Amino acid sequence: MSIYLDYAATTPTRPEVIALITQVLEQQWGNPSSLHNWGERSTMTVERARLRVADLINGDPEGIIFTSGGTESNNLALWGITRQYSQPQHLIISAVEHSAIAQPVKILKEMGWAVTELPVDRYGSVNPQDLKLAIQANTVLVSVIYAQNEVGTVQPIAELGKICRDANVLFHTDAVQAIGRMDIDLATLPVDLLSISSHKIYGGQGVGALYARPNLKLMPLILGGGQERGRRSGTESVAAIAGFGLAAELAKSEIGTESLRLRALSDRLFTELKDIPSLVPTGATHNLRLPNHISFCYESCAHAMDGRRIVREMNAIGIGISAGSACSSGALVPSSTLLVMGFNQAQALGSIRITMGLQTTPTDIELTISALKKILTT
Ligand SMILES: Cc1ncc(COP(=O)(O)O)c(C=O)c1O
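According to this note's numbering, the sequence shown is numbered sequentially starting from 241.
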């Protein structure tokens with residue numbers, strides 16, 4: 241058996257993307273900064289990808305800055321804004337951010353920045369009223385994750401963005417998990433900065449983008465030859481960027497049908513698993529969560545099992561799932577996301593996440609249901 245159900249960690253690169261990346265590596269290896277034909281062909285490839293990525297989020301292509309992935313995009317948003325201030329100011333984030341936001345914010349705190357962490361409810365949702373109350377005269381940036389990686393909860397981004405816009409405060413959202421799984425329309429969303437990553441949409445690892453509203457002042461993180469209009473230096477990874485562009489275009493064309501199909505598979509899994517004793521669903525319900533994402537925590541005295549043991553037992557029979565966030569699954573620490581949502585220590589250690597994608601079939605889901613029932617009830 242070989243069933244991959246960890247699409248939130250990464251997705252398999254699409255064959256069409258692999259074909260394009262190979263073609264670009266073979267035929268368009270010129271440096272986009274060069275003035276000759278070789279360079280010009282590469283520039284055209286990068287610019288075509290920029291249009292395709294911008295189209296996925298209905299944003300201005302001028303606002304797309306290609307980066308090495310979601311982690312760099314998040315760092316560029318935070319440092320790009322905060323480094324403009326000679327004195328520490330005030331920042332607001334949610335209590336359920338990915339470490340690519342939480343870690344740099346920890347450093348900013350050590351540097352003297354005041355930080356407010358917005359609490360979340362039992363479902364992992366931020367209350368927009370809390371944001372309204374938290375904004376101060378010296379708040380320069382708010383960053384709230386679009387869709388939470390461990391529990392799938394989608395935040396009320398439009399409302400949060402509007403509160404920031406009304407208060408004249410910049411708003412960033414980490415949309416790495418949301419991208420390609422739900423419609424994101426920057427023509428209507430009041431968002432100034434948005435992070436995305438190629439490997440979550442079948443585009444290959446090591447490339448992503450930060451969307452920064454055109455004319456927004458951003459200090460570069462990486463200085464050098466002035467690529468990406470001076471906002472991110474370094475010779476562009478032309479092939480990877482081309483692959484990201486194609487993946488974005490394909491994601492856009494199938495987002496509607498895929499999200500319905502995946503929602504049906506998640507519903508089936510959820511209905512079957514919720515009857516297992518001691519299995520408690522985590523995250524928001526139905527349309528307030530990602531369509532491809534279900535998560536539970538398991539707590540049973542009779543079957544002392546942390547999430548990692550469940551992952552290992554599932555892996556032994558050929559099914560790949562995750563214990564909480566893949567990025568932190570190397571260490572036996574309870575999920576901080578679940579703790580702030582009000583789950584206890586034992587529950588937070590027993591968290592599992594199942595995320596589906598393009599290659600997931602109804603048969604995969606039936607086999608997963610039987611396997612989990614067997615592991616958790618015998
Ligand atoms: C919500 C979120 N933000 C950021 C990242 C980091 O993205 P990347 O792996 O492209 O650096 C991840 C990766 O899992 C994520 O889930």
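Note that CB positions come from ideal geometry on N, CA and C, so glycine has one too. None of the values given here were measured: they were computed from a predicted structure.
A distance criterion of 7 Å places the beta-carbon of Asn389 in contact range of ligand 1, judged by its closest non-hydrogen atom. Glu390 is positioned such that its CB atom lies no closer than 8 Å to that of Arg548. Ser591: member of the beta strand (DSSP E) spanning Ser591 to Thr595, first to last residue. Comparing C-alpha distances from Glu256 to each of Arg529, Gln267, Ala491 and Leu612 shows the shortest one belongs to Ala491.
Under DSSP, Arg529 forms a beta bridge with Thr393.
Relative to ligand 1, the beta carbon of Gly485 is positioned no closer than 7 Å to any heavy atom. Leu509 is classed as buried because its beta carbon has at least 16 other beta carbons within 10 Å across all chains shown. Here Val573 carries a coil assignment [DSSP, helix/strand/coil].
Along the stretch 263 to 339, the beta strand (DSSP E) occurs as fully enclosed runs of 3 or more residues at 304 to 307 and 330 to 334, listed in sequence order. In the DSSP assignment, Phe510 falls outside any beta strand (DSSP E) and within the unbroken alpha helix (DSSP H) covering Val478 to Leu513.
Within 7 Å of the C-beta of Thr311 there is at least one heavy atom belonging to ligand 1. In the DSSP assignment, Gly448 falls outside any alpha helix (DSSP H) and lies within the beta strand (DSSP E) extending over Gly448 to Ala452. At the C-beta level, Ile385 and Val336 come within 8 Å of one another.
Bounds of the alpha helix (DSSP H) holding Ser610 are Pro602 to Thr617. Per the C-alpha coordinates, the member of Thr253, Thr601 and Met581 positioned closest to Ser365 is Met581.
With contacts defined by Cβ atoms closer than 8 Å, His533 and Asp414 do not form a contacting pair. Closest in alpha carbon position to Ala354, among Pro328, Arg469, Glu553 and Gly597, is Pro328. In the structure shown, Leu434 falls within a strand segment according to DSSP collapsed to helix, strand and coil.
Asp361 sits in coil when the DSSP states are folded into three classes, being neither helix nor strand. In the three-state reduction of the DSSP assignment, Pro517 falls in the coil class, being assigned neither a helical nor a strand state. A heavy atom of ligand 1 is found nearer than 7 Å to the CB of Gly448. Going by beta carbons, Pro272 and Arg290 fall outside the 8 Å limit. Leu579 sits in a helix when the DSSP states are folded into three classes. Distances taken from the Cβ of Ala342 to the heavy atoms of ligand 1 include none shorter than 7 Å. When secondary structure is reduced to three states using DSSP, Val409 falls in the coil class, being assigned neither helix nor strand. For Val257, the three-state secondary structure derived from DSSP is helix.
For Val382, the enclosing beta strand (DSSP E) begins and ends at Thr379 to Ser383. Under DSSP, Gly465 takes part in no beta bridge, so it has no partner.
Following the DSSP letters along the chain, one finds Asn555 inside the alpha helix (DSSP H) bounded by residues Gly547 to Ala556.
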